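Quick note on this note's numbering: the sequence shown kicks off at 118 and runs consecutively. Ideal placement from N, C-alpha and C gives every residue a C-beta, glycine not left out. Being a predicted model, the structure only gives us computed values, none of them experimental. Some notes on the structure that comes next.
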Amino acid sequence: MATLVSSQAYIYHFHLSKRALIQTKEPYFPPRFSRHNHIERREFSPRFWSSTITGKQQLLSFSTVCFAADEPSSSSEISADARIRSEVLSPFRSVRMFFYLAFIASASLGGLIATSRLIGALANPARSGEVLEIIQGLGIDIGAASLFAFLYFRENKTKNAQMARLSREENLAKLKMRVEENNKVISVGDLRGIARLVICAGPADYIEEAFKRSREFTQGLVERGVVVVAYATDGNSPVLELDETDTDDEEMSQRRRRLWRVAPVIVSDWERWLDEQKKLAGVSSDSPVYLSLRLDGRVRGSGVGYPPWQAFVAQLPPVKGIWTGLLDGMDGRV
């Protein structure tokens with residue numbers, strides 16, 4: 118009993134001496150009460166500074182990773198938005214491709230089993246009567262595997278083509294434009310659900326002629342939410358007579374300004390995107406072209422030459438009126 122008491126006293130004195138040693142190494146700051154009646158204690162020990170620096174380094178590295186994830190990817194990569202839009206447009210494609218692979222695996226396994234049975238039947242004369250039945254089953258397995266492999270590769274080819282088209286449309290949506298009315302810079306994707314863009318790309322005289330051909334259809338185009346992006350590929354500024362003339366009233370001039378009110382910004386990005394589209398379509402790089410977009414931002418049509426303004430007025434539904442919202446998807450096939 119005496120030994121136990123002496124050992125406890127020794128441990129107690131050891132803790133007291135250790136606490137005194139710590140207090141001599143680290144300055145003591147008395148506790149104070151904050152305005153919320155909570156006890157605060159400020160620690161300025163080296164251990165506190167090291168933990169603070171470590172925490173700052175961890176926060177800095179985390180923010181660096183977040184900014185790196187927000188960097189724009191190259192045009193050859195498939196963006197996440199393009200993948201999501203592909204799933205929305207073809208919601209059961211992944212399910213079909215999964216079952217195609219399952220059927221291919223099942224037919225291949227059945228073919229292997231039938232092949233082993235056929236080898237055994239050919240080696241054993243007593244089982245010669247089973248050869249015809251085994252060959253029929255093997256033919257069915259080979260035919261099923263070939264059929265589902267064809268369906269899978271066709272579906273995969275369609276998926277890749279759709280993903281490439283959606284990726285190009287997403288790159289188009291990132292291109293910048295300037296609104297002439299207030300000099301505000303927006304992207305093509307900002308006008309999704311608001312306007313139907315028509316991109317006219319060519320020399321300045323091509324833009325001027327396209328403008329002249331659209332004059333008589335100005336009212337119909339504005340009612341259908343058409344907005345023209347005039348991109349002069351030769352670097353010259355086209356002369357567009359937007360102001361009021363002797364035969365035009367002020368209201369028609371305002372509509373014409375609404376129709377031709379945006380211009381490309383960062384021309385190098387536009388040039389790169391258009392050159393890629395021309396190369397894919399087999400069109401020479403110096404040919405004037407036009408592209409028309411749907412309300413959802415997808416490419417509705419394109420061609421070499423001048424936009425068919427009259428066809429736009431005849432085919433596109435108005436964006437205002439009793440049919441607003443109901444005919445938003447009636448922009449034509451993509």
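Distance, residue j Cα to residue i Cα
i, j, result
"Ala261", "Asn241", "28 Å"
"Arg513", "Ser331", "Because the chain spans 118 through 451 in this model, residue 513 falls outside it and cannot be assessed."
"Trp390", "Thr350", "13 Å"
"Asp322", "Val379", "18 Å"
"Gln336", "Val430", "9 Å"
"Ala398", "Thr275", "18 Å"
"Ser419", "Val315", "9 Å"
"Arg309", "Leu412", "6 Å"
"Asn353", "Val416", "27 Å"
"Asn300", "Pro208", "40 Å"
"Val458", "Leu206", "Because the chain spans 118 through 451 in this model, residue 458 falls outside it and cannot be assessed."
"Tyr423", "Asn273", "36 Å"
"Pro189", "Leu410", "Its pLDDT being 37, under 50, Pro189 is placed unreliably by the model, and the measurement read from it follows with that caveat. The straight-line gap from Cα to Cα measures roughly 23 Å."
"Glu287", "Ser263", "36 Å"
"Pro355", "Arg200", "39 Å"
"Gly319", "Lys396", "16 Å"
"Asp392", "Arg313", "22 Å"
"Leu408", "Glu388", "14 Å"
"Cys317", "Arg285", "18 Å"
"Gln253", "Val421", "55 Å"
"Ile257", "Pro425", "53 Å"
Cutoff 6 Å; reference residue i; Cβ partners in own chain excluding five residues on either side
i, result
"Ala290", "Val305, Gly306 and Gly414"
"Ile311", "none"
"Gln394", "none"
"Asp386", "Leu292"
"Pro435", "Glu340 and Arg341"
"Lys437", "none"
Beta-bridge pairing of residue i - partner residues as DSSP gives them
i, result
"Arg202", "Paired residue(s): none; Arg202 is not in a bridge."
"Met294", "Ile303 and Pro381"
"Arg313", "Val343"
"Ser223", "Paired residue(s): none; Ser223 is not in a bridge."
"Gly418", "Ser409"
"Tyr348", "Ala318"
Own chain, CB closer than 8 Å to residue i, minus 5 neighbours either side, in chain order
i, result
"Phe179", "Residue placement at Phe179 is poorly supported in this model, since its pLDDT is 30, which falls under 50; the coordinates still yield a value, given next. Nothing meets the Cβ criterion."
"Arg375", "Val339 and Val344"
"Glu298", "Arg374 and Arg378"
"Ser211", "Glu204"
"Ala238", "Arg244, Ser245, Glu247, Val248 and Ile251"
"Leu357", "Ile324, Glu325, Phe328, Ala347 and Trp377"
"Ile259", "Ala224 and Gly228"
"Val384", "Tyr348"
"Arg271", "none"
7 Å CB neighbourhood of residue i in its chain, flanking five on each side removed
i, result
"Val382", "Lys293, Met294, Arg295 and Val302"
"Leu269", "Strictly speaking, residue 269 in this sequence is Tyr, with Leu absent from that position. Excluding sequence neighbours, Tyr269 sits near Met214, Tyr217, Leu218 and Ile221."
Inter-residue CB distance, residue i and residue j (contact presumed, cutoff 8 Å)
i, j, result
"Gln427", "Phe334", "6 Å"
"Leu226", "Leu255", "Not quite, the Cβ-Cβ distance comes to about 12 Å (not below 8 Å), so this is no contact."
"Arg202", "Leu283", "5 Å"
"Phe265", "Ala224", "7 Å"
Contact between the stretch 401-415 and the stretch 366-373: three or more CB pairs below 8 Å? The stretch 401-415 vs the stretch 366-373: no contact.
Can you confirm whether the stretch 221-235 touches the stretch 272-285 when touching is taken to mean that 3 or more C-beta pairs between the two stretches lie within less than 8 Å? Contact annotation: the stretch 272-285 does not touch the stretch 221-235, with fewer than three C-beta pairs closer than 8 Å.
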